[in-house]
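Engineer:
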Amino acid sequence: MKNNLSKIMGERRITAVTIAKDTKISRTTIRAIYYEEAENVKLSTLTKICDYLNCPLSELIEYNPCA
0 MKNNLSKIMG ERRITAVTIA KDTKISRTTI RAIYYEEAEN VKLSTLTKIC
50 DYLNCPLSEL IEYNPCA
């Protein structure tokens with residue numbers, strides 16, 4: 000799996016601090032997702048991020064079973 004959080008944040012010029020403040024998700028969690036260090040992210044967390052960024056989950060997370 001690959002996540003595109005860093006790409007989306009860069010394109011929109013949004014910081015992790017801003018997302019954390021606006022969504023009430025900890026900066027540690029945002030950072031772990033951003034750097035693709037998170038292994039078990041709750042669906043509710045991903046949903047909050049997607050709602051905040053106004054994007055579908057498929058844009059945030061990519062699954063490629065052949066990789």
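So in numbering that gives the first Met the number 0, spot 55 of the sequence shown is number 54, and the numbers just go up one at a time. Even for Gly, the Cβ is constructed at its ideal location relative to N, Cα and C. Quantities reported herein were computed from a predicted structural model and do not represent experimental measurements.
Hey, out of GLU38, GLU10, LYS6 and SER43, whose CA is closest to LYS23's CA?
Structural biologist: Checking every option, the nearest Cα to that of LYS23 belongs to SER43.
Engineer: Just tell me which of LYS6, ALA15 and SER57 has its CA closest to the CA of THR46.
Structural biologist: The option with the nearest alpha carbon to THR46 is SER57.
Engineer: In the DSSP assignment, find the alpha helix (DSSP H) that holds MET8 and state where it starts and stops.
Structural biologist: Here the alpha helix (DSSP H) through MET8 covers 4-11.
Engineer: Per DSSP, what are the beta-bridge partners of GLU58 in this structure?
Structural biologist: DSSP lists no partner for GLU58.
Engineer: Helix, strand or coil for LYS23 per DSSP?
Structural biologist: Coil at LYS23, not helix or strand.
Engineer: Is DSSP giving LYS1 helix, strand or coil here?
Structural biologist: Of the three classes helix, strand and coil, the one that applies to LYS1 here is strand, per DSSP.
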